[in-house]
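Numbered per the working numbering, the sequence shown spans residues 31 to 289. Backbone N, C-alpha and C define an ideal beta-carbon position, used for all residues, glycine too. No experiment lies behind these values; they were computed from the predicted model shown. These notes are about the structure you will find just below.
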Amino acid sequence: MLIAHLSDPHLRTDALAAEPAALLRLALGRVLALDPRPDCVVITGDLTEYGQVGAYEQLREVVGRFPLPLYLTTGNHDDPAALVEVFGGTSFLGGGDSAHYEVAHPGFTVVALDSWRPDGPAGRLGEEQLSWLDDVLSRRPEVPAFVCLHHPPVAVGIPFLDGMRLADGPALGEVLQRHGNVARVLAGHVHRPISVPFAGTAVAVAPSTYRQTSLTLRADQQVGYLAEPTGFLLHVATESGFATHTVAVSAAGALIGAF
């Protein structure tokens with residue numbers, strides 16, 4: 031079982047549109063060059079920079095012919111209504127018309143959550159969505175589940191971004207603690223590869239396919255972007271559980287698949 035985990039492509043429609051779209055396509059090509067190929071791909075939010083319908087249409091042009099199952103989640107830069115307008119009813123949203131949904135594969139479950147909120151960059155799930163998640167996780171307790179959202183539910187040590195993490199992270203943790211089948215919580219938002227223990231499992235934060243955030247560990251220092259290599263995470267089932275690998279893209283001397 032292989033799950034490719036991409037994040038934060040930040041597609042846009044203005045004069046700066048070319049680079050993030052090209053880098054997302056490059057990352058997806060790198061996914062296709064893996065042997066064996068992953069069972070599916072998840073992109074954990076900030077799909078666009080401004081949440082415009084045109085940017086989601088551009089995203090559809092990039093991913094529309096991608097040959098593997100691919101699932102989308104919302105981030106603070108997204109607009110769930112615009113996402114559903116463009117991708118509703120397609121496999122990219124699990125075949126439904128909601129930004130939170132589940133997809134049952136034979137050997138695992140993908141659960142996509144919508145942590146977007148209209149009043150700021152921090153995330154929130156809310157009681158209704160948490161209750162829905164509790165029910166979903168109880169349906170197939172014998173198979174591993176990957177819970178996917180944009181905002182990390184715990185602190186990662188970068189004060190600026192910890193101030194805009196998932197506001198109801200503790201409530202999410204209470205739900206996950208009731209279930210023993212959560213293999214990973216997949217997140218983005220930070221633009222760095224990070225792993226943090228959480229609620230009996232682990233949060234895996236993927237790097238951005240576009241640009242990376244500085245490792246700014248002090249609140250009195252400026253956070254910015256760095257020209258570090260882009261990449262993604264690969265979650266691999268092993269005899270010991272799940273291993274998470276960081277796969278370089280922009281600085282990798284590796285085969286890039288075509289699609």
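Go ahead and pull the three-state DSSP assignment for residue 242. Stepping through the sequence shown from its first residue, residue 242 is reached at position 212. DSSP places residue 242 in strand when its eight states are reduced to three.
Would you mind sorting residue 68 into buried or exposed? The rule is 16 or more other CB atoms within 10 Å of its CB. Along the sequence shown, one-based indexing puts residue 68 at 38. Residue 68 is buried by the Cβ-count criterion.
Closest residue to residue 236 among 244, 222, 246 (Cα-Cα distance): On the sequence shown, position 206 is the one that residue 236 refers to. Out of 244, 222, 246, 222 has the C-alpha closest to the C-alpha of residue 236.
Distance between beta carbons of residue 140 and residue 176, contact taken as under 8 angstroms: Walking along the sequence shown from the start, residue 176 turns up at place 146. Walking along the sequence shown from the start, residue 140 turns up at place 110. The Cβ separation is near 5 angstroms, so the contact holds.
In whole angstroms, give me the CA-to-CA distance for residue 195 and residue 220. If you number the sequence shown from 1, residue 195 lands on position 165. If you number the sequence shown from 1, residue 220 lands on position 190. Spanning the two alpha carbons is a distance of roughly 9 angstroms.
Who are the Cβ neighbours of residue 118 in its own chain at under 6 angstroms, not counting the five residues just before and after it? Against the sequence shown, residue 118 aligns to sequence position 88. Here the set comprises 127.
Spatial neighbours of residue 272 within its chain, please: C-beta separation below 7 angstroms, excluding the five flanking residues on both sides. The sequence position of residue 272 within the sequence shown is 242, counting from 1. Cβ within range, chain order: 213, 214, 265, 266.
If you measure between the beta carbons of residue 77 and residue 62, is that distance less than 7 angstroms? Working through the sequence shown from its first residue, we reach residue 77 at position 47. Working through the sequence shown from its first residue, we reach residue 62 at position 32. No, the Cβ-Cβ distance between residue 77 and residue 62 is not below 7 angstroms.
With distances taken between CB atoms, is the gap from residue 54 to residue 243 smaller than 7 angstroms? Taking the sequence shown and counting its residues from 1, one reaches residue 54 at position 24. Taking the sequence shown and counting its residues from 1, one reaches residue 243 at position 213. Their beta carbons are not under 7 angstroms apart, which means residue 54 does not touch residue 243 by this criterion.
Who does residue 103 pair with in a DSSP beta bridge? By 1-based counting over the sequence shown, the position of residue 103 is 73. DSSP, once it has assigned bridges, lists 74 as partnering residue 103.
Alpha-carbon spacing of residue 246 relative to residue 193, whole angstroms: Translated into the one-based positions of the sequence shown, residue 246 becomes position 216. Translated into the one-based positions of the sequence shown, residue 193 becomes position 163. Looking at the two C-alpha atoms, the distance is approximately 13 angstroms.
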